[in-house]
Amino acid sequence: MTPASLIGRNEATLPDLGSPIDVRRLREEILSWMTPPSADRGGRVAGRQIRRLVEALDEPSGREDRFLSTVAEAVLARRLLEDGCAIDIERPTAGGRHADFFVRASNNVECWVHVKRVGAPHAMESSTPLPAVLSQLSAIKRPVAIAVRWSPTANDAQLLTLRNALEPFVREASVGDEVVVRAEDGAWLGAARIVAPTAEGTVTVRTGVDAGWEAAIPRVQRLLRKAYSQFMPGAVNVICIASDSSAAYEAVETALLGTIIERWDRFPPRGHRVAHGRAEDGFWARGQYEMSSLVAWFPVDGSAPAHIWERAPHGTPHVRDGAVASLMSRVMGATREL
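Just so we're aligned: the sequence shown equals residues -3 to 334 in my numbering.
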């Protein structure tokens, strides 16, 4: 089972991670929450529902994506329970749909949580180190990140040609611009894209899976729309996007808020030539999907802090939404962004 594999049904090896998740330990922890019954803290979790997670961990049915999605749900369930929350799994919402969790905190704060997992993208160069001649691009003094791809069959002379073509592009191109470089005979040598501004003083070069996450943005938006279709009207709903690694953060942020673009109608911050903003291609752009006010992201492997974005309708945060945001921020150890 690749790229995810089961090792004696005790570990899940996620794509491009250095260490596996210990599924046996996770399973034992889940079982400990439901047994003995007296330890269920007032019946906050029905044993029948938690056992569904355990069974999914034990019987992945040959589908790695379903298995890893179950791992992501179990990781979040563990955090909610450890915080003292009561959770109801697969709670019906509207139109015959379900939320992954209905959550009630000890202070009676309630929310409906929809967990969606986005898998790591496939990348041709994921296991190939950046050629030394292309690594020289990182010495260019410009605070931007670039995604670089190159032909695996390119020789030293062709890689030098690629570097020479990319250098002026990296110095002058706008955020979002992309260039394709070909040899005189038309053969593809490589390509690059200006991804986003950074806080660094020089260029940040992304390759392999890190660069491939950009292609996952439409997939993240589909997951956001799917979660939205499962919302409970009139209640606080939280979409939680889980990923196999921390590299997904910017893809999730872009899918939600929109592509970073240059804004010539604003003054740039100190040290930058131009100001930047967001295009109106994000999930929250133009006031659409108005019932959505909270979206969270977390890497299943815990390799980076989780993050929560809050949207205040009409510029006034709702007290109820703020209470749920505080709850989820505490549960996930997340930073909040309004």
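We treat Cβ as the ideally placed atom computed from N, Cα and C, and that holds for glycine.
Under DSSP, Lys112 forms a beta bridge with Ile237.
Under the three-state reduction of DSSP, Val296 is assigned to coil, being neither helix nor strand. Cβ neighbours of Arg202 within its own chain (closer than 8 angstroms, five residues either side excluded): Ala141, Ile142, Ala143, Val144, Val191. Put simply, of Asn103, Glu86, Leu126 the residue whose alpha carbon is nearest the alpha carbon of Glu69 is Glu86. Less than 8 angstroms divides the Cβ of Leu76 from the Cβ of Val99. For the pair Leu133 and Leu162, the Cα-to-Cα distance works out to about 8 angstroms. Straight-line measurement puts the Cα of Thr200 at about 16 angstroms from the Cα of Trp146. In the structure shown, the three-state DSSP call for Arg178 is strand. Rounded to the nearest angstrom, the Cβ distance from Leu252 to Phe294 is 14 angstroms, too far for a contact under 8 angstroms.
Residue burial is scored here from C-beta neighbours: Pro193 has at least 16 other C-beta atoms within 10 angstroms and is therefore classed as buried. With a cut-off of 8 angstroms on Cβ pairs, the segment 226 to 233 is not in contact with the segment 160 to 179, counting fewer than three such pairs. About 5 angstroms separates the Cβ atoms of Val129 and Leu155, confirming a contact at the 8 angstroms cut-off. For Arg167, the secondary structure class from DSSP, reduced to helix, strand or coil, is helix. Close CB contacts of Gly329 within its chain, under the 7 angstroms cut and outside five residues either way in sequence, are with Pro301, Ala302 (chain order). For Arg145, the enclosing beta strand (DSSP E) begins and ends at 140 to 146.
DSSP places Ala223 inside the alpha helix (DSSP H), whose first and last residues are 213 to 224. Less than 8 angstroms divides the Cβ of Ala95 from the Cβ of Val109.
Sequence-distant partners of Thr250 (beyond 5 residues in either direction) whose C-beta falls short of 6 angstroms from its own C-beta, in its chain, are Ile213. Collapsing the DSSP output to three states places Val232 in coil. In terms of CA proximity to Ser325, Cys236 leads the group Asn151, Val216, Cys236.
For Val327, the enclosing alpha helix (DSSP H) has its first and last residue at 315 to 328. Distance from the CA of Gly318 to the CA of Arg93, rounded to the nearest whole angstrom, comes to 26 angstroms.
Remark: C-beta atoms of Ala321 and Ile304 approach each other more closely than 8 angstroms. Nearest to Arg178 by alpha-carbon distance, out of Ala150, Arg167, Gly80, is Ala150. With distances taken between CA atoms, Val234 lies nearest to Phe97 out of Leu158, Phe97, Gly80, Ala188.
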